[in-house]
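Trainee: Right, I'll just put the structure down here and ask away after.
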Amino acid sequence: MTARHTYLATLVCFGIVLVGSALAMPAEVPLHFGGSGEPDRWGSRLEALLTMTLVGGLLAVILGGTAALVDRMPVTYLNVPRKDWWTATPEREARMRRMMRTDLYVLAAATMLFLAVVVLATTLAARAEDPALGPLFFTGLGCYLAFVVGWTVWSLSTRYRRKDDA
């Protein structure tokens with residue numbers, strides 16, 4: 001499965017969670033949570049679903065669109081370690097763009113998966129007797145942050161290393 005297919009699978013996952021949440025949400029839904037996980041703003045199910053759909057849709061278009069268009073972007077817009085080496089030959093530049101496209105799709109997939117967790121955690125909080133973001137949200141956030149930081153460190157330290165680097 002390619003990074004693009006993984007990204008598309010997370011879009012489907014997000015959509016399924018959104019539809020499931022639309023069916024499961026009560027009429028009143030927490031729309032914002034404080035740092036402790038307690039809701040500090042409430043709204044209607046419609047407002048929650050519209051907001052979640054809009055945020056998910058915009059991020060899907062921006063993140064997926066950036067990945068899809070990386071081959072068409074001027075090289076000046078691309079930022080990688082050792083850029084002068086990667087752009088010295090057409091073959092290297094093509095490889096760099098393929099790697100960047102993969103990186104962008106992977107990070108977009110992780111983001112969409114985390115958004116699905118946010119929607120699910122919000123729905124569970126709305127249905128709870130004592131509404132609050134629970135372990136699902138905080139575990140999802142921790143996993144998302146660890147993955148993004150790990151992928152970024154790996155990309156910057158190893159993935160874009162020149163073959164002649166020690």
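Take the sequence shown: its letter number 148 is residue 148 in the numbering used here, and every next letter is one higher. The beta carbon of each residue, even a glycine, is placed where N, CA and C say it ideally should be. Keep in mind it's a predicted model, so treat the numbers as computed, not measured.
Rounded to the nearest angstrom, what separates R4 and R41 at their Cα positions?
Mentor: R4 and R41: Cα-Cα distance of roughly 36 Å.
Trainee: Under the rule that 16 or more other beta-carbon atoms within 10 Å means buried, what is D84, buried or exposed?
Mentor: exposed
Trainee: Using beta-carbon positions only, say whether A9 and L31 come within less than 8 Å of one another.
Mentor: no
Trainee: Report all residues from its chain with a CB closer than 7 Å to the CB of R127; omit the five preceding and five following residues, and keep chain order.
Mentor: A24 and P26
Trainee: Whole-angstrom Cβ separation of P81 and L141, contact assumed at under 8 Å?
Mentor: That pair is no contact at about 28 Å.
Trainee: Distance check for L69 and D130, CA to CA, integer angstroms please.
Mentor: 45 Å
Trainee: Three Cβ pairs or more, each shorter than 8 Å: is that satisfied between the region 132-149 and the region 88-99?
Mentor: no
Trainee: Which of helix, strand or coil does DSSP assign to P135?
Mentor: helix
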